[in-house]
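**Student:** In this note's numbering, the protein residues as written are 2 to 572. For every residue, glycine included, the Cβ atom is placed at its ideal position computed from N, Cα and C.
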Amino acid sequence: MKFLQLVILLLLACSLSFAQPLTLENITANLKQGIATKLKGRDGAIVKEVYAKTGNKPLWIGAENQEKMAQLIQAIKDPLFNYKNKHFDQKAIKKLLFYLDNNAISPAKKAAVYARLDLLLTNSYVRLVRFIVEGDVDWGLVQKKFKALEESNDIKAVWEMHPKRFPPHGPLIAAAKNGNIYPYLTSLLPLEERYRKLVDLLKEYRRMDTFPKIPYSNTPLKPGDYSSRVKLVKKRLQISGDYPKNAPIDSRFDETLRRAVITYQKRYLLKVTGQVDKTMTWYLNQPARKNIQAIIVNLDKTKLYPKHFENEYIEVNIPDFNLRYYKNGEMVMKKGVVVGRIDRPTPIFDDKLEYVVINPTWTIPDNLIKRDLIHVLRENPNYLIDHNIHVFRGNKEVEITQEDLDPYEHSDKKVPWRFVQFPGDSNALGRIKFMFPNKYAVYLHDTDNKNLLDRRYKVYSSGCMRVEQPFDLARLVLQHARRHYTQEDIDKIIATDKPTTIRLKRPIPIHIVYFTVYKENGLAYFKHDIYLYDKIIEESTAGHKKETFTVPKKRFIIMKEQKATQKPLSN
Numbered sequence: 002m003k004f005l006q007l008v009i010l011l012l013l014a015c016s017l018s019f020a021q022p023l024t025l026e027n028i029t030a031n032l033k034q035g036i037a038t039k040l041k042g043r044d045g046a047i048v049k050e051v052y053a054k055t056g057n058k059p060l061w062i063g064a065e066n067q068e069k070m071a072q073l074i075q076a077i078k079d080p081l082f083n084y085k086n087k088h089f090d091q092k093a094i095k096k097l098l099f100y101l102d103n104n105a106i107s108p109a110k111k112a113a114v115y116a117r118l119d120l121l122l123t124n125s126y127v128r129l130v131r132f133i134v135e136g137d138v139d140w141g142l143v144q145k146k147f148k149a150l151e152e153s154n155d156i157k158a159v160w161e162m163h164p165k166r167f168p169p170h171g172p173l174i175a176a177a178k179n180g181n182i183y184p185y186l187t188s189l190l191p192l193e194e195r196y197r198k199l200v201d202l203l204k205e206y207r208r209m210d211t212f213p214k215i216p217y218s219n220t221p222l223k224p225g226d227y228s229s230r231v232k233l234v235k236k237r238l239q240i241s242g243d244y245p246k247n248a249p250i251d252s253r254f255d256e257t258l259r260r261a262v263i264t265y266q267k268r269y270l271l272k273v274t275g276q277v278d279k280t281m282t283w284y285l286n287q288p289a290r291k292n293i294q295a296i297i298v299n300l301d302k303t304k305l306y307p308k309h310f311e312n313e314y315i316e317v318n319i320p321d322f323n324l325r326y327y328k329n330g331e332m333v334m335k336k337g338v339v340v341g342r343i344d345r346p347t348p349i350f351d352d353k354l355e356y357v358v359i360n361p362t363w364t365i366p367d368n369l370i371k372r373d374l375i376h377v378l379r380e381n382p383n384y385l386i387d388h389n390i391h392v393f394r395g396n397k398e399v400e401i402t403q404e405d406l407d408p409y410e411h412s413d414k415k416v417p418w419r420f421v422q423f424p425g426d427s428n429a430l431g432r433i434k435f436m437f438p439n440k441y442a443v444y445l446h447d448t449d450n451k452n453l454l455d456r457r458y459k460v461y462s463s464g465c466m467r468v469e470q471p472f473d474l475a476r477l478v479l480q481h482a483r484r485h486y487t488q489e490d491i492d493k494i495i496a497t498d499k500p501t502t503i504r505l506k507r508p509i510p511i512h513i514v515y516f517t518v519y520k521e522n523g524l525a526y527f528k529h530d531i532y533l534y535d536k537i538i539e540e541s542t543a544g545h546k547k548e549t550f551t552v553p554k555k556r557f558i559i560m561k562e563q564k565a566t567q568k569p570l571s572n
């Protein structure tokens, strides 16, 4: 039975057959009775332990606990901890406090009501802690849907999730006893810096409520134009922070608006023109609730991570198509990356970068031999020679025929030959790769097809991540090599055309993540949910659960178009 129902029953009928004086002893007696009879489930067991470790006495009522109770009630309402506005019996608590403050409870019932209030507050405290740490996403259901994608659409979606369990009870009990509610709850926040920025964004967008509707037109708005639409665009961009708060809201398309339009276009990966066309108008007209939902899903995802990452680490944010290098809490490098196609998504996981290879060879993975190479060779028998690919059986180089390969195209058996592309400018990995050995055979590397880094949606690989200007990254990474490498040293190695492995003294943590919303340089960025992971998570959340997930038909069209323009054997 829910606590609210218990409170109503309590207010309707006296639990005692005689009037009780309002004493701590009587409140405690009622509290013990409630602990023994009213608590159920996993949270009930923790509430019992909290009281058992604090002498089975009231924790929140009484003059000495007034500040502590106020802290808890405020925390339950605070978006920093309760960003989904979960009820946590707030109405019942408010109602009881109102009745007690206004002397609306008969003397015979006061001790029982105070006991019930204390029990409600403790239960809400435990539930709040559970939400902060665990959230309300069914991560098991998310993984079930990922697996179904492979079975129904041949999409191998991998995300190594590490959902957290309820935290140790000792600190929770100590905070309830000593009154350090806010410091304790704050200590539980995941990826705290990112989390706080998302909460701030959520509060901003909830205040925005609605955006002004901008009429569509086949004629783009451009600098120098005068139009009523310009005024609406200025209002809209001022709300989202792109157009300055103190700038005039008039009908003239001025230089200030042009800069604001460019800022907005960059944030949403639109074509940067400085003009407002139909595509940008569509984005501007999207309701604020879509942004709010995106922020909430990204807050949910933080719960899979610790309070913070290491002092030095690499982060690759897949839907953002960017790699960031952090040292001591500061971003010291940001580079674009090409990531896995939507039918061959880059795995989401954590690892450690152990070594670098200059002039790498590329051993074509078994799955790509079957999915791509056999078909390519059928159409172009000279493909291996043209692309400097050699075939090995063990350590011996061999020649094979199409007839040798064909039986493996749709077979579960591993192809018995190794296909190795030798180093060179045409190597699919370019001139350098950054290795963090993993079961998915993905890594960071250079590319022989650098124009893909200029595309709007950089989803062209088979899972690996191609890095913009990779030797800039190498300069940072090689600071951890066993010896010092100058640019001249690196150039000499490249000139040999021979693979050279450079191991690091200390591995560098690398986190491949999937955040579609973030705040950087004071602005909010909302990225396209390229793999539909946000949608899957949203539909696996308490109150919104769907047992299955269906890939939209429109996405299949995109996949077909992508395959049609895809370069063969793209790693």
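Based on DSSP bridge pairs, tell me the residues matched to His391.
**Tutor:** Val421, per the DSSP bridge assignment.
**Student:** If you follow the beta strand (DSSP E) that Ile319 is in, where does it begin and where does it stop?
**Tutor:** No beta strand (DSSP E) holds Ile319; DSSP gives it neither H nor E.
**Student:** Just grab the DSSP bridge partners of Glu398 for me.
**Tutor:** BP columns for Glu398 point to Phe393.
**Student:** For Lys223, collect the residues of the same chain with a Cβ closer than 6 Å to its Cβ; drop the 5 residues on either side in sequence, then sort them by chain order.
**Tutor:** The residues are Gln276.
**Student:** Just the C-alpha distance for Thr1 and Asn124, rounded to the nearest angstrom, thanks.
**Tutor:** Because residue 1 is not part of the residues shown, which for the chain are 2 to 572, the question remains open.
**Student:** Between Pro288 and His529, is the Cβ-Cβ spacing less than 8 Å?
**Tutor:** No, the Cβ-Cβ distance between Pro288 and His529 is not below 8 Å.
**Student:** Between the segment 457–475 and the segment 395–413, are three or more C-beta pairs nearer than 8 Å?
**Tutor:** Counting Cβ pairs under 8 Å, fewer than three are found: no touch.
**Student:** Within the same chain, show all residues whose beta-carbon is closer than 8 Å to that of His309, passing over the 5 residues directly before and after it, in chain order.
**Tutor:** If we look at His309 and ignore the five residues flanking it on each side, its Cβ neighbours are Leu192, Glu193 and Glu194.
**Student:** Below 8 Å between beta carbons: does that hold for Arg467 and Val338?
**Tutor:** Result yes, Cβ atoms of Arg467 and Val338 sit closer than 8 Å.
**Student:** For Leu203 and Lys148, I'd like the C-alpha separation in whole angstroms.
**Tutor:** So the two alpha carbons sit approximately 31 Å from each other.
**Student:** Label Ser218 either buried or exposed according to how many other C-beta atoms from any shown protein chain fall within 10 Å of its C-beta, with 16 as the threshold for buried.
**Tutor:** By the 10 Å Cβ count, Ser218 comes out exposed.
**Student:** For Ser427, which residues in the same chain have their Cβ closer than 8 Å to its Cβ, ignoring the five residues on either side in sequence?
**Tutor:** Cβ neighbours of Ser427 beyond the five flanking positions: His388, Asn389 and Asp449.
**Student:** When DSSP builds the beta bridges, which residues end up paired with Phe435?
**Tutor:** Partner(s): Val357 and Leu445.
**Student:** On the premise that Val416 lies in contact with Ile370, defined as a C-beta separation below 8 Å, what is that separation, rounded to the nearest angstrom?
**Tutor:** 5 Å between Cβ atoms; contact.
**Student:** Can you give me the Cβ contacts of Arg100 inside the same chain, cut-off strictly under 6 Å, excluding the 5 residues immediately before and after it?
**Tutor:** A small fix is needed here, since residue 100 is Tyr in this sequence, not Arg. Cβ within range, chain order: Ile106.
**Student:** How is the beta strand (DSSP E) around Lys506 delimited, first residue to last?
**Tutor:** It spans Thr501 to Val514 - the beta strand (DSSP E) in which Lys506 sits, taken as one unbroken run.
**Student:** Considering just the uninterrupted stretch of the beta strand (DSSP E) at Val518, what are its terminal residues?
**Tutor:** Where Val518 is concerned, the enclosing beta strand (DSSP E) stretches over Val518 to Glu521.
**Student:** Consult DSSP for Gly341 and reduce its assignment to one of helix, strand or coil.
**Tutor:** Looking at Gly341 - three-state DSSP - the assignment turns out to be strand.
**Student:** Go ahead and label Thr303 buried or exposed: buried means 16 or more other beta carbons lie within 10 angstroms of its beta carbon, across all protein chains shown.
**Tutor:** Classification for Thr303: buried.
**Student:** Identify which residue in Gly242, Gly136 and Val159 has its Cα closest to the Cα of Lys440.
**Tutor:** Closest option to Lys440, Cα to Cα, is Val159.
**Student:** Look up Phe527 in the DSSP assignment and say whether it is helix, strand or coil.
**Tutor:** Strand at Phe527.
**Student:** To the nearest angstrom, how far is the alpha carbon of Ile503 from that of Glu331?
**Tutor:** C-alpha separation (whole angstroms): 26 Å.
**Student:** Counting along the chain, where does the alpha helix (DSSP H) carrying Arg237 start and finish?
**Tutor:** Here the alpha helix (DSSP H) through Arg237 covers Ser229 to Ile240.
**Student:** Just curious, the beta strand (DSSP E) that Met466 is in, first and last residue?
**Tutor:** Counting along the chain, the beta strand (DSSP E) containing Met466 begins and ends at Met466 to Val468.
**Student:** Within 10 Å of its beta-carbon, does Glu316 have 16 or more other beta-carbons around it, so buried, or fewer, so exposed?
**Tutor:** By the 10 Å Cβ count, Glu316 comes out buried.
**Student:** Let me make sure I understand the geometry here. Which of Leu270, Ala109, Arg325 and Arg117 has the alpha-carbon closest to that of Tyr95?
**Tutor:** Position check: residue 95 holds Lys in this sequence, whereas Tyr was assumed. Among Leu270, Ala109, Arg325 and Arg117, the Cα nearest to that of Lys95 is on Arg117.
**Student:** Quick check: the Cα distance between Arg197 and Tyr519, rounded to an integer number of angstroms?
**Tutor:** Near 10 Å, if we compare the C-alpha coordinates of Tyr519 and Arg197.
**Student:** Note the first and the last residue of the continuous beta strand (DSSP E) segment covering Ser462.
**Tutor:** Run containing Ser462: Val460 to Ser462, per the beta strand (DSSP E) assignment.
**Student:** For Ile343 versus Val514, is the C-beta distance shorter than 8 Å?
**Tutor:** Cβ distance not < 8 Å, so Ile343 and Val514 don't count as in contact.
**Student:** To the nearest angstrom, how far is the alpha carbon of Pro553 from that of Val114?
**Tutor:** Rounded to whole angstroms, Pro553 to Val114 spans 53 Å at the Cα level.
**Student:** Taking 8 Å as the limit between beta carbons, can you name the residues of its chain near Glu355, skipping five residues before and five after?
**Tutor:** Counting only Cβ-Cβ distances below 8 Å, and skipping sequence neighbours, we find Met436, Phe437, Pro438, Arg504, Leu505 and Pro508.
**Student:** Smallest Cα separation from Leu189: which of Asn179, Leu142 and Arg131?
**Tutor:** It is Arg131 whose Cα lies nearest to the Cα of Leu189.
**Student:** Starting from the C-beta of Asn31, find all residues in its chain whose C-beta is less than 6 Å away, skip the five residues before and the five after it, and write them out in chain order.
**Tutor:** Ala112, Ala113 and Ala116, listed in sequence order.
**Student:** Which partner residues does Glu313 have in the DSSP bridge list?
**Tutor:** Lys328, per the DSSP bridge assignment.
**Student:** Are there 16 or more other CB atoms within 10 angstroms of the CB of Ile386, so buried, or fewer, so exposed?
**Tutor:** It counts as exposed.
**Student:** Whole angstroms is fine: what's the gap from Ile74's alpha carbon to Glu50's?
**Tutor:** Distance between the alpha carbons of Ile74 and Glu50 is about 21 Å.
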